[in-house]
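Data block below; observations after.
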Amino acid sequence: MNFSLDGRLSVCAALVRSGTKLADVGTDHAYLPIWLALNGRIASAVASDIRQKPLDSGLENIRKYGCENIISVRLCSGLDDIHSEEADDIVMAGMGGELIAKLIDNAPWIKSNDKRLILQPMTKAHILREYLFENGFDIISETPCTASGKYYTVICSEYTGKRKSYTLSDIYIGGLKSNAEYVDRYMSGILSKLKKQRNGILHNDGNSAEIDKVIEQIKETFGV
Ligand SMILES: C[S@@+](CC[C@H](N)C(=O)[O-])C[C@H]1O[C@@H](n2cnc3c(N)ncnc32)[C@H](O)[C@@H]1O
3 MNFSLDGRLS
13 VCAALVRSGT
23 KLADVGTDHA
33 YLPIWLALNG
43 RIASAVASDI
53 RQKPLDSGLE
63 NIRKYGCENI
73 ISVRLCSGLD
83 DIHSEEADDI
93 VMAGMGGELI
103 AKLIDNAPWI
113 KSNDKRLILQ
123 PMTKAHILRE
133 YLFENGFDII
143 SETPCTASGK
153 YYTVICSEYT
163 GKRKSYTLSD
173 IYIGGLKSNA
183 EYVDRYMSGI
193 LSKLKKQRNG
203 ILHNDGNSAE
213 IDKVIEQIKE
223 TFGV
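Heads up, the sequence shown is in my numbering, so the first residue is 3 and it goes up one at a time.
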């Protein structure tokens with residue numbers, strides 16, 4: 003075994019339950035399921051991608067590391083051709099938050115309390131959190147991480163069926179804790195985006211009161 007996962011995928015891997023059946027949606031190189039298979043962490047995996055080329059490179063790597071007996075590949079969008087019996091833990095990493103929300107929404111079988119979602123949005127994590135809160139998913143934990151000099155969050159979520167009431171701050175902060183490693187740098191990035199948004203609102207003579215509250219709460223909670 004001669005490769006390690008980057009910071010994003012390491013956090014995702016740590017959240018996968020031992021002995022699980024995994025679906026890695028948008029797998030590309032398939033490094034995550036391969037690493038988990040080589041480390042004896044999963045019973046089986048479906049590695050899926052919407053495009054043939056990444057799937058081919060995933061399959062090449064699966065063969066290179068001798069994991070064909072544990073990992074199969076599937077050409078499909080999201081979970082469209084993956085069945086509930088094939089996946090207990092579902093990873094969606096390296097895609098936009100809006101797309102991840104859409105892919106969850108397209109798979110009604112995911113709304114079951116024995117499934118675990120491990121989600122690593124590259125952008126718009128707030129839209130993904132809002133979708134989760136609106137649709138009866140709970141955020142179990144959230145872990146900031148870093149890869150290639152950038153900062154991200156990994157959201158671990160399970161279905162409860164109870165729609166959560168939430169504020170605008172909740173959808174920007176989610177399950178992030180002030181003492182987590184990298185959280186200050188992750189939150190600094192979010193803060194500068196919110197400040198730009200606020201400037202846009204003021205530029206159009208709008209009311210920035212709601213966004214001001216979020217900015218203040220982020221500054222107070224994370225000291226950024
Ligand atoms: C940046 S790569 C991420 C690879 C890997 N998951 C990671 O985090 O390193 C994004 C992958 O998602 C795939 N993708 C984009 N839209 C998708 C969809 N609707 N369903 C499945 N895969 C999709 C792309 O083809 C691409 O291979």
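Built from N, CA and C at the ideal position, the CB exists for glycine as well.
The three-state reading of DSSP puts residue 84 in coil, since its state is none of H, G, I, E or B. Going by C-alpha positions, residue 201 is about 16 Å away from residue 191. Nearest Cα to residue 149 within the set 223, 60, 188 and 32: 188.
The straight-line gap separating the alpha-carbon atoms of residue 210 and residue 171 is approximately 14 Å.
In the DSSP assignment, residue 141 falls within the unbroken beta strand (DSSP E) covering 139-149.
In the DSSP secondary-structure assignment, residue 11 is not bridged to any residue.
Annotation for residue 50 indicates a beta carbon within 8 Å of some heavy atom of ligand 1. The residue from 35, 29, 44 and 11 with its alpha-carbon nearest to that of residue 22 is 44. Straight-line spacing of the CA atoms in residue 42 and residue 29 works out to 19 Å.
Within the stretch 14-43, the runs of beta strand (DSSP E) that reach at least 3 residues and sit entirely inside it are, in chain order, 22-27.
The beta-carbon separation of residue 109 and residue 80, rounded to 6 Å, stays under the 8 Å limit for a contact. Taking the C-beta atoms as reference points, residue 123 is found no nearer than 9 Å to residue 69. Counting along the chain, residue 91 sits inside the beta strand (DSSP E) bounded by residues 91-97.
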